[in-house]
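Just so you know, the sequence shown maps onto residues 7 to 574 in the numbering used here.
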Amino acid sequence: MKRFIALFLTILLISAVFSSCDFLKNYEDIRNDESSPEATTPDQTTPEDNTPVDPPTTPPQKITSVNITCGKSAIENYAAAELRWYFTKKNITLSPDGFGIELKIDASLAQKDGYRITADENGLVLVAGNERGLAYGLYAFLEKYLGVHVYSPDTVVIDEGDVMIGGGVLAVYEPAFEIIRNPWFPIESLSEKDGGNVHDLGSIKTLSLNAIVGTGNIQPCLSDPENLTKAIGVVENYLRAVKNVDTLSFAPATEYDIYCTCDACAAVIAEEGSPAGLYVRFLNQLTEAISAEYPTLKYELVIRAYLKTAPTVTKLSDRISLRFDISKCHISHPITDGNCPEAVALADSMRSWGKMGANIHVEYGLTATEDFIPVFANLGTLRENFRFFAECGVDSIVCDGNIVCPTGEFGELRVYLVSQLLQNPTMSEEEYYALMDAFLKAYYGEGWMHIREFIDTVTELAADGHQTADGSPFDAITQEEYAQHAEAFDELWDQAEALAGDRIDFVKRARFQWRYIKLCINPNAEDAQALISDAASKPRVGWRPAQWNVDTANSDLNLAPTEWVYRS
7 MKRFIALFLT ILLISAVFSS CDFLKNYEDI RNDESSPEAT TPDQTTPEDN TPVDPPTTPP
67 QKITSVNITC GKSAIENYAA AELRWYFTKK NITLSPDGFG IELKIDASLA QKDGYRITAD
127 ENGLVLVAGN ERGLAYGLYA FLEKYLGVHV YSPDTVVIDE GDVMIGGGVL AVYEPAFEII
187 RNPWFPIESL SEKDGGNVHD LGSIKTLSLN AIVGTGNIQP CLSDPENLTK AIGVVENYLR
247 AVKNVDTLSF APATEYDIYC TCDACAAVIA EEGSPAGLYV RFLNQLTEAI SAEYPTLKYE
307 LVIRAYLKTA PTVTKLSDRI SLRFDISKCH ISHPITDGNC PEAVALADSM RSWGKMGANI
367 HVEYGLTATE DFIPVFANLG TLRENFRFFA ECGVDSIVCD GNIVCPTGEF GELRVYLVSQ
427 LLQNPTMSEE EYYALMDAFL KAYYGEGWMH IREFIDTVTE LAADGHQTAD GSPFDAITQE
487 EYAQHAEAFD ELWDQAEALA GDRIDFVKRA RFQWRYIKLC INPNAEDAQA LISDAASKPR
547 VGWRPAQWNV DTANSDLNLA PTEWVYRS
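Encoded structure:
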């Protein structure tokens, strides 16, 4: 059985999290604020559920009144309040004699973050395994049956039309991944009613195997029983001294292919077909010995170069997870791109460990780690990468991103799409781009198709690029390529702004990315100062981690932004 490898928050995914406050605010706070724009879009496209359900046992009936009941927990009461609000927005009355809707949490459900919706002619029941599952079910129900599409707290689209509900099993959701996290500015804590507080790995301590065996800079012999005994003693003493360790992470001392090749180790490598067999056998025994005294302690093995091929004989213990950090993967072509050597190596590695049934944990960098404003061209690769994660049997995904401030590009769109992919990683290309178009239309106004054209062109230009999460945007698209498209990109953004209506501020902030690129191509002090001033306005957009501001006193604004001085 797959096990939880970390206590990560499973944040609410049906509703994207973009605002400077918790998405699920108090019911009174939300409902007393009528400033949130709403629109009706009869042509709205909603992807089908990713879990097959039974055909309706009774024909759909038009709902004219509802009676909503729930348990006593905060999330159940919140969900009931949300339903009442949106039913009234659809001109459906609240009545004790209305169509019954019951919300409840059943901790006995196997899928804790999952839910099940059933109905007959008298009413409907939404039951979930925990608070998060109920939140997922709530917004899935609102979207499918009431046509409520929540893109952000200030961007909610409600389709026109009657509410029609049939009988039978209407929806069953079983999470594709056991543990997920999709952080983006600035949601890092949620209250009880929102599904629980943020959890992370807790206290992580990383130990190198050569350090615990005491071989200094020399890789230890992992076939030597004395080294195993020594390692067990060192780790147990360490845990007693340090205390409060939640996850013990083991990392080889080096990225390079340096490992013991004595006769005993060579025999293991030959039998297992990989040097990883040495580590798997050693850590299985080590963690088994430690677990007697520390039964709740979690373990992980950080994948290095010579561990990328899984052993063919010995399976990694269920106590231990594998951590794949793919931040060095190229962002603008998918992991399954057979033309990229780095992608091929990573894909082969994840497939080999997946076939061995390993608990795989992925750290996925979604936004640039060094610059928060310029183009980050990964929107065309997300769908294929998440499909690949699901096919490899990945257990948990932590999507790393900018969690300190709004970005000057497509952070809102990206986190919405990732939220959908975490729930339905095998969606089709058609479904993915339908979601993108719906978001763009709601979030950026009537000129959204010009922004979509910008995204498509950037995606095409970046397809052969080699930018990583901490790399330069010009590793994906060269300055020369940007210069060739400068006039067309200016026109696209001008048209998007002209048609934006009351979404103009959102369009202007997204345009920061192109203004940044233009300043790199053709530095100009006047345009530079304008961008700096606009980024400092509300909502404030930071430039770099821990360096939100441009030090204009010490920067030559006639140079490219890459040459400026930044400060906190």
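From the three backbone atoms N, C-alpha and C, an ideal C-beta is built for every residue, glycine too. Small disclaimer: the values here were computed from a predicted structure and weren't measured.
| query | result |
| --- | --- |
| The alpha helix (DSSP H) enclosing histidine 456, as first and last residue numbers | 454–468 |
| Exposure label - methionine 362; buried when at least 16 CB within 10 Å | buried |
| Cβ neighbour criterion (16 or more within 10 Å) applied to glutamate 44 | Low per-residue confidence applies at glutamate 44: pLDDT is 49, beneath 50, and the placement is therefore not dependable, though the value from the model is reported in the following sentence. Under this definition glutamate 44 is an exposed residue. |
| C-beta atoms of leucine 328 and leucine 352 nearer than 8 angstroms | no |
| 6 angstroms CB neighbourhood of valine 154 in its chain, flanking five on each side removed | Tyr92, Leu148 and Ile164 |
| Minimum C-alpha distance to alanine 80 - residue among Asn73, Phe105, Leu109 and Pro66 | Leu109 |
| Identity of the residue in Leu292, Asp269, Phe256 and Thr320 nearest isoleucine 309 by Cα | Phe256 |
| Closest Cα partner of tyrosine 300 within the set Leu388, Asn250, Phe495 and Pro258 | Asn250 |
| For proline 231, the first and last residue of its enclosing alpha helix (DSSP H) | 231–248 |
| Pairwise C-alpha distance: lysine 68 and glycine 143 | 21 angstroms |
| Residues of its chain near asparagine 32, where Cβ-Cβ distance is below 6 angstroms and the 5 sequence neighbours each way are ignored | Confidence at asparagine 32 is low in this model, with a pLDDT of 35, below 50, so the placement of that residue should be treated as unreliable; the coordinate-derived value is given next. None. |
| Collapsed DSSP secondary structure at lysine 334 in the structure displayed | coil |
| Euclidean distance between Cα positions of valine 571 and glutamine 473 | 23 angstroms |
| Classification of threonine 46 by the beta-carbon crowding that lies within 10 angstroms, buried from 16 upward | Caution applies to threonine 46, whose pLDDT of 44 falls short of 50 and renders its modelled position unreliable; the model cannot decide the point. |
| C-beta contact flag for threonine 293 and isoleucine 326 at 8 angstroms | yes |
| Tyrosine 33 - DSSP class collapsed to helix/strand/coil | In this prediction, tyrosine 33 scores a pLDDT of 32, lower than 50, which makes its location untrustworthy; the coordinate-derived value is nonetheless stated afterwards. Of the three classes helix, strand and coil, the one that applies to tyrosine 33 here is helix, per DSSP. |
| Other residues of its chain near leucine 505: CB distance less than 7 angstroms, five sequence neighbours each side excluded | Gly451, Glu452 and Gly453 |
| Assumed close pair aspartate 126, threonine 75 - CB separation to whole angstroms, cut-off 8 angstroms | Wrong, their Cβ atoms sit about 16 angstroms apart, outside the cutoff. |
| Closest residue to arginine 458 among Leu152, Ala468 and Phe445 (Cα-Cα distance) | Phe445 |
| At least 3 beta-carbon pairs within less than 8 angstroms: the segment 364–383 vs the segment 312–325 | yes |
| Beta-carbon proximity list for arginine 37, same chain, < 7 angstroms, skipping 5 on both sides | Because arginine 37 sits at a pLDDT of 42, beneath the cut-off of 50, its placement in the model cannot be relied upon, and the following sentence gives the value as read from the coordinates. Here the set comprises Trp91. |
| Which of helix, strand or coil DSSP assigns to valine 404 | strand |
| Simplified DSSP assignment, three categories, for asparagine 430 | coil |
| Whole-angstrom distance between isoleucine 538 and leucine 563, CA atom to CA atom | 10 angstroms |
| Beta-carbon separation (whole angstroms), lysine 78 vs leucine 152, contact threshold 8 angstroms | About 25 angstroms; that fails the 8 angstroms criterion. |
| Residues that methionine 170 bridges to, as DSSP identifies them | Lys68 |
| Cβ-Cβ separation, leucine 385 to arginine 357 (assumed contact under 8 angstroms), whole Å | Contact flag wrong, Cβ pair sits at about 25 angstroms. |
| At least three beta-carbon pairs within less than 8 angstroms, the segment 522–535 to the segment 488–501 | yes |
| Asparagine 391: first and last residue of the uninterrupted alpha helix (DSSP H) it sits in | 388–397 |
| Exposure label - glutamine 50; buried when at least 16 CB within 10 Å | Because the pLDDT of glutamine 50 is 42, which lies under 50, any placement of that residue in the model is unreliable, and the number read from its coordinates should be weighed accordingly. It is buried - the Cβ of glutamine 50 has at least 16 other Cβ atoms within 10 Å. |
| Under the three-state DSSP convention, the category serine 561 falls into | coil |
| Distance between beta carbons of proline 258 and leucine 215, contact taken as under 8 angstroms | 6 angstroms |
| Glycine 129 - containing beta strand (DSSP E), residue span | 129–134 |
| Contact check, phenylalanine 378 vs valine 175, beta carbons under 8 angstroms | no |
| Within 8 angstroms, strictly: CB atoms of valine 133 and aspartate 112 | yes |
| Distance CB(serine 338)-CB(cysteine 271) smaller than 8 angstroms | no |
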